[in-house]
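Structure first, then comments.
Protein chains: 2
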Amino acid sequence: MILRHLSIDCVIFGFKDNKLCVLLWQSESDVAKRFFSEKDNYEEVEDLFTKNPIHSGQDYWALIGSHLPEDEDIDGYAKFILSKTTGLEDVYLNQVKTFGKVNRVPFSRVLTTAYYAIINPEYHDLRQSEMAKVLNWFRIDKLPKLVFDHKVIIEEALKKLRSEVKYHPVGFQMLPDKFTLTELQTLYEVILDTTLDTRNFRKKIQNMGLLIDTGEKQTNVAHRAAKLYSFDLDVYNKLKEEGLNFRI
Amino acid sequence: MILRHLSIDCVIFGFKDNKLCVLLWQSESDVAKRFFSEKDNYEEVEDLFTKNPIHSGQDYWALIGSHLPEDEDIDGYAKFILSKTTGLEDVYLNQVKTFGKVNRVPFSRVLTTAYYAIINPEYHDLRQSEMAKVLNWFRIDKLPKLVFDHKVIIEEALKKLRSEVKYHPVGFQMLPDKFTLTELQTLYEVILDTTLDTRNFRKKIQNMGLLIDTGEKQTNVAHRAAKLYSFDLDVYNKLKEEGLNFRI
DNA sequence: TCAAAAGTGTTGTAGCTACACCCATGG
DNA sequence: CCATGGGTGTAGCTACAACACTTTTGA
Numbered sequence: 030m031i032l033r034h035l036s037i038d039c040v041i042f043g044f045k046d047n048k049l050c051v052l053l054w055q056s057e058s059d060v061a062k063r064f065f066s067e068k069d070n071y072e073e074v075e076d077l078f079t080k081n082p083i084h085s086g087q088d089y090w091a092l093i094g095s096h097l098p099e100d101e102d103i104d105g106y107a108k109f110i111l112s113k114t115t116g117l118e119d120v121y122l123n124q125v126k127t128f129g130k131v132n133r134v135p136f137s138r139v140l141t142t143a144y145y146a147i148i149n150p151e152y153h154d155l156r157q158s159e160m161a162k163v164l165n166w167f168r169i170d171k172l173p174k175l176v177f178d179h180k181v182i183i184e185e186a187l188k189k190l191r192s193e194v195k196y197h198p199v200g201f202q203m204l205p206d207k208f209t210l211t212e213l214q215t216l217y218e219v220i221l222d223t224t225l226d227t228r229n230f231r232k233k234i235q236n237m238g239l240l241i242d243t244g245e246k247q248t249n250v251a252h253r254a255a256k257l258y259s260f261d262l263d264v265y266n267k268l269k270e271e272g273l274n275f276r277i
Numbered sequence: 030m031i032l033r034h035l036s037i038d039c040v041i042f043g044f045k046d047n048k049l050c051v052l053l054w055q056s057e058s059d060v061a062k063r064f065f066s067e068k069d070n071y072e073e074v075e076d077l078f079t080k081n082p083i084h085s086g087q088d089y090w091a092l093i094g095s096h097l098p099e100d101e102d103i104d105g106y107a108k109f110i111l112s113k114t115t116g117l118e119d120v121y122l123n124q125v126k127t128f129g130k131v132n133r134v135p136f137s138r139v140l141t142t143a144y145y146a147i148i149n150p151e152y153h154d155l156r157q158s159e160m161a162k163v164l165n166w167f168r169i170d171k172l173p174k175l176v177f178d179h180k181v182i183i184e185e186a187l188k189k190l191r192s193e194v195k196y197h198p199v200g201f202q203m204l205p206d207k208f209t210l211t212e213l214q215t216l217y218e219v220i221l222d223t224t225l226d227t228r229n230f231r232k233k234i235q236n237m238g239l240l241i242d243t244g245e246k247q248t249n250v251a252h253r254a255a256k257l258y259s260f261d262l263d264v265y266n267k268l269k270e271e272g273l274n275f276r277i
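Top to bottom, those sequences are chains A and B.
Sequence positions in the first sequence follow this note's numbering and run 30 to 277.
Sequence positions in the second sequence follow this note's numbering and run 30 to 277.
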């Protein structure tokens with residue numbers, strides 16, 4: 030059975046063309062069906078989608094999400110939604126909060142628990158996903174029209190991302206395995222919407238001891254080739270247990 | 030109508046006898062009835078309580094909470110629960126997160142959205158509350174047996190309280206209108222479970238500009254009387270807009 | 001006059017910010 | 001050889017931690 034009154038929405042952040050982006054979809058009912066087809070009261074939930082006027086226009090986009098089946102943990106189901114839509118597993122995923130205003134969804138009482146994820150868009154080609162037709166990345170500063178209160182949800186998720194990123198080096202999740210320090214800095218600048226001093230940033234990051242010098246360099250760039258680093262997950266996990274003391 | 034699958038639980042923190050405490054209840058069905066009596070499917074929800082074996086013993090305590098009525102905002106309903114049980118209005122109240130493991134409540138799928146509140150127990154005499162018989166303060170380090178996953182919820186709320194208190198001066202909510210700096214320091218020490226250097230603490234707090242010297246002093250103390258301060262809410266609200274930069 | 005808590009300043013240190021020039025590479 | 005971004009060190013300042021003694025009050 031599907032819980033009519035509760036849904037999960039994922040705010041999936043990615044870093045594309047040096048901009049912070051969010052992955053959105055237009056959730057047509059045949060897409061929703063792929064989530065729910067084995068559940069017994071799909072039709073009831075389908076109603077919520079197809080008869081809801083705000084969903085009928087082509088202009089409106091939505092966070093990727095779905096109603097919660099009765100026999101699924103919320104955390105696990107958020108992961109499931111993410112892997113179904115992006116193909117990504119083992120993704121950094123965090124609960125934002127639950128949005129529960131009575132009228133957030135017209136004609137129906139639905140609360141939603143929002144999660145946010147941080148992914149690297151280049152790891153997975155969305156055109157190969159079964160959801161491809163209806164998925165799209167949008168720059169955080171150029172969001173389309175959004176259904177319900179999804180704009181508010183994105184804003185809250187962004188707030189959470191910003192406060193998270195200052196104290197935890199989650200930014201690495203958005204980059205390829207091997208990255209340059211300039212890429213990392215740009216990422217932080219984009220997320221925090223500031224500029225950072227290059228020398229100070231490098232000092233701080235390198236003192237954290239989380240970077241592995243791969244010995245490799247960029248190739249085919251029309252300037253001095255930058256060193257490629259990777260992220261030391263083992264050291265990170267150790268530091269996290271000890272309570273890491275880090276601040277961009 | 031009451032939403033069977035969703036409840037609200039409040040972790041109410043208070044500062045009593047120099048210890049951090051949590052307000053808990055034993056939610057007998059006649060108490061639950063006061064919340065739900067006007068809703069139409071009370072009996073259905075009552076079942077969840079009375080037939081649940083974990084609830085039948087007298088040893089078990091629970092967070093104050095209830096199922097969510099269909100026509101109530103979650104934030105507003107958390108406030109309502111708080112004012113019903115403690116009589117307090119305008120309380121500092123914050124969402125912790127939503128707990129949604131499939132089996133957190135046996136024999137029934139119930140997710141719960143937890144809130145935490147910070148109050149001053151001396152402001153309100155619980156013996157005058159209509160809930161008095163079943164309410165009790167428990168020291169955070171001496172919790173009784175708790176139903177379901179309520180222990181985990183309290184731990185998560187405490188984590189959130191601790192991280193909040195370091196950057197926002199929410200501690201004032203737990204103290205009387207007029208308080209001494211030593212009381213404030215003790216409060217921080219209890220919440221953070223550390224000791225703080227008196228001189229450094231006073232410097233930091235006084236530099237924040239949030240204290241008003243009332244000109245009054247303690248009376249009838251067997252030692253030098255301490256100055257009484259109050260909290261400057263106006264300055265606090267201004268600072269909060271500018272993004273306050275504060276750290277215990 | 002004693003016990004008990006209030007109140008107060010300084011010094012060393014660690015970590016932050018601000019800032020400008022040379023280096024490597026491909027075109 | 002030039003355009004482009006990569007890469008580096010220092011000096012001043014701020015904010016923090018560590019630390020011990022005097023003051024006030026009631027009993």
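A virtual CB, placed ideally from N, CA and C, is assigned to each residue, including glycine.
Checklist entry - Which whole-angstrom value is the C-beta distance of A:Leu49 and A:Ile41, which I expect to be below 8 Å? => result Residue 49 of chain A sits at position 20 when you count from the first residue of the first sequence. Residue 41 of chain A sits at position 12 when you count from the first residue of the first sequence. Contact doesn't hold; Cβ gap of about 11 Å is too wide.
Checklist entry - Which partner residues does B:Arg168 have in the DSSP bridge list? => result The residue labelled residue 168 of chain B in the question sits at position 139 within the second sequence. B:Arg168 pairs with B:Cys50.
Checklist entry - So what's B:Asp178 in DSSP terms, helix, strand or just coil? => result Here residue 178 of chain B is taken as the residue at index 149 of the second sequence, counted from 1. B:Asp178: coil per DSSP, three-state reduction.
Checklist entry - Tell me which same chain residues have a C-beta within less than 6 Å of the C-beta of A:Tyr144, skipping the five on either side of it? => result Mapped onto the first sequence, residue 144 of chain A falls at position 115. So the list reads Cys39, Ala107, Leu122 and Gln124, once near-sequence residues are dropped.
Item to check | Own chain partners of B:Asn47 with C-beta closer than 8 Å, once the 5 adjacent residues on each side are dropped | outcome: Against the second sequence, residue 47 of chain B aligns to sequence position 18. Excluding sequence neighbours, B:Asn47 sits near Thr215 and Val219.
Checklist entry - Which residue or residues does DSSP assign as beta-bridge partners of B:Pro98? => result Looking up residue 98 of chain B in the second sequence gives position 69. DSSP output for B:Pro98 lists B:Ile31 as bridge partner(s).
Checklist entry - Counting contacts by CB-CB distance shorter than 8 Å, is B:Gly129 in contact with chain A? => result Taking the first residue of the second sequence as 1, we reach residue 129 of chain B at position 100. Yes, because at least one Cβ of chain A sits closer than 8 Å to the Cβ of B:Gly129.
Item to check | Cutoff 8 Å: B:Lys126 Cβ touching any chain A Cβ | outcome: The residue given as residue 126 of chain B occupies position 97 in the second sequence. At a cut-off of 8 Å between beta carbons, B:Lys126 contacts chain A.
Checklist entry - Which whole runs of the alpha helix (DSSP H) in the region 211 to 272 of chain A are 4 residues long or more, in chain order? => result 227 to 236 and 262 to 271
Checklist entry - Do you know how far the Cα of A:Leu210 is from the Cα of B:Asp226? => result Translated into positions along the second sequence, residue 226 of chain B becomes position 197. Translated into positions along the first sequence, residue 210 of chain A becomes position 181. Their backbone Cα atoms lie some 39 Å apart in a straight line.
Next on the checklist: Cβ closer than 8 Å: which chain A residues qualify as neighbours of B:Leu239?
Outcome noted: As a first step, residue 239 of chain B is located in the second sequence; it is residue number 210 there, counting from the start. Residues of chain A with a Cβ closer than 8 Å to the Cβ of B:Leu239 do not exist, since the nearest Cβ in that chain sits about 22 Å away.
Item to check | B:Leu111 and B:Leu35 closer than 8 Å at C-beta | outcome: Counted from its first residue, the second sequence places residue 111 of chain B at position 82. Counted from its first residue, the second sequence places residue 35 of chain B at position 6. No, Cβ-Cβ distance for B:Leu111 and B:Leu35 is not below 8 Å.
Checklist entry - Closer than 8 Å, CB to CB, is A:Asp261 near chain B or not? => result The sequence position of residue 261 of chain A within the first sequence is 232, counting from 1. A:Asp261 does not count as touching chain B.
Item to check | Contact the region 165 to 181 of chain A vs the region 90 to 99 of chain A: 3+ CB pairs below 8 Å | outcome: With a cut-off of 8 Å, the region 90 to 99 of chain A and the region 165 to 181 of chain A count as touching, because enough Cβ pairs lie within range.
Checklist entry - What residue does the alpha helix (DSSP H) around A:Tyr89 start on, and which one ends it? => result Working through the first sequence from its first residue, we reach residue 89 of chain A at position 60. A:Tyr89 -> no alpha helix (DSSP H), and no H or E assigned at all.
Item to check | Sheet register partners of A:Ile93 (DSSP bridge) | outcome: Taking the first residue of the first sequence as 1, we reach residue 93 of chain A at position 64. BP columns for A:Ile93 point to A:Cys39.
Checklist entry - Just to check, is the beta-carbon of B:Leu190 closer than 7 Å to a non-hydrogen atom of the ligand GTP? => result You won't find the ligand GTP in this model; it holds no ligand whatsoever.
Item to check | The alpha helix (DSSP H) enclosing A:Phe109, as first and last residue numbers | outcome: The residue you call residue 109 of chain A lines up with position 80 of the first sequence. Element bounds for A:Phe109: Ile103 to Thr115.
Checklist entry - What is the DSSP secondary structure of B:Lys130, reduced to helix, strand or coil? => result Numbered from its first residue, the second sequence carries residue 130 of chain B at position 101. Residue state, collapsed to three classes: coil.
Checklist entry - In the region 95 to 118 of chain A, which residues sit with their C-beta less than 9 Å from some C-beta in chain B, listed in chain order? => result Leu97, Glu99, Asp100, Glu101, Asp102, Ile103, Asp104, Gly105 and Tyr106
Checklist entry - Are the CB atoms of A:Ile37 and A:Gly116 nearer to each other than 8 Å? => result Taking the first sequence and counting its residues from 1, the one referred to as residue 37 of chain A is at position 8. Taking the first sequence and counting its residues from 1, the one referred to as residue 116 of chain A is at position 87. No, these two residues do not count as a Cβ contact at 8 Å.
Next on the checklist: Going by the DSSP bridge assignment, what does A:Lys162 pair with across the sheet?
Outcome noted: Position 133 of the first sequence, counting from 1, holds the residue named residue 162 of chain A. Per DSSP, none; premise fails for A:Lys162.
Next on the checklist: What are the residues in the region 165 to 185 of chain A lying within 9 Å of chain B by C-beta distance?
Outcome noted: none
Item to check | Local conformation of B:Val139 per DSSP, three classes | outcome: Here residue 139 of chain B corresponds to residue number 110 of the second sequence, with the count starting at 1. Coil, per DSSP.
Checklist entry - At a CB-CB cut-off below 7 Å, which residues of chain A make contact with B:His34? => result Taking the second sequence and counting its residues from 1, the one referred to as residue 34 of chain B is at position 5. Near B:His34 (Cβ distances below 7 Å), the residues of chain A are Leu32, His34 and Leu35.
Item to check | Interface flag, B:Leu187 vs chain A, CB-CB below 8 Å | outcome: The sequence position of residue 187 of chain B within the second sequence is 158, counting from 1. No - not a single Cβ of chain A is within 8 Å of the one on B:Leu187.
Checklist entry - Any residues in the region 243 to 256 of chain B with a beta carbon nearer than 7 Å to a beta carbon of chain A? Which ones, in chain order? => result none
Checklist entry - Three-state secondary structure (DSSP) at A:Gln124? => result Here residue 124 of chain A corresponds to residue number 95 of the first sequence, with the count starting at 1. In this structure, A:Gln124 counts as strand in the three-state DSSP scheme.
Checklist entry - Is A:Lys207 helix, strand or coil when you go by DSSP? => result Counting from 1 along the first sequence, the entry for residue 207 of chain A is found at position 178. DSSP places A:Lys207 in coil when its eight states are reduced to three.
Checklist entry - By a C-beta neighbour count over all protein chains shown, 10 Å radius and 16 as the cutoff for buried, is B:Asp178 buried or exposed? => result In the second sequence, the residue the question calls residue 178 of chain B occupies position 149. The residue in question, B:Asp178, is buried, as its Cβ has 16 or more Cβ neighbours within 10 Å.
Checklist entry - Considering only C-alpha positions, which residue in the set A:Lys113, A:Ile277, A:Asp261 and A:Thr223 is nearest to A:Asn229? => result Taking the first sequence and counting its residues from 1, the one referred to as residue 229 of chain A is at position 200. Ranking A:Lys113, A:Ile277, A:Asp261 and A:Thr223 by Cα distance to A:Asn229 puts A:Ile277 first.
Item to check | Of the listed residues A:Glu101, A:Phe44 and A:Leu268, nearest to A:Phe201 (C-alpha basis) | outcome: As a first step, residue 201 of chain A must be located in the first sequence, where it is residue number 172. For A:Phe201, the nearest C-alpha among the options comes from A:Phe44.
Checklist entry - Would you say B:Ile182 and B:Phe128 are within 8 Å of each other, going by their C-beta atoms? => result Counted from its first residue, the second sequence places residue 182 of chain B at position 153. Counted from its first residue, the second sequence places residue 128 of chain B at position 99. In this structure, B:Ile182 places its C-beta atom within 8 Å of the C-beta atom of B:Phe128.
Item to check | Beta bridge counterpart(s) of A:Tyr145 as assigned by DSSP | outcome: The residue labelled residue 145 of chain A in the question sits at position 116 within the first sequence. BP columns for A:Tyr145 point to A:Val40 and A:Asn123.
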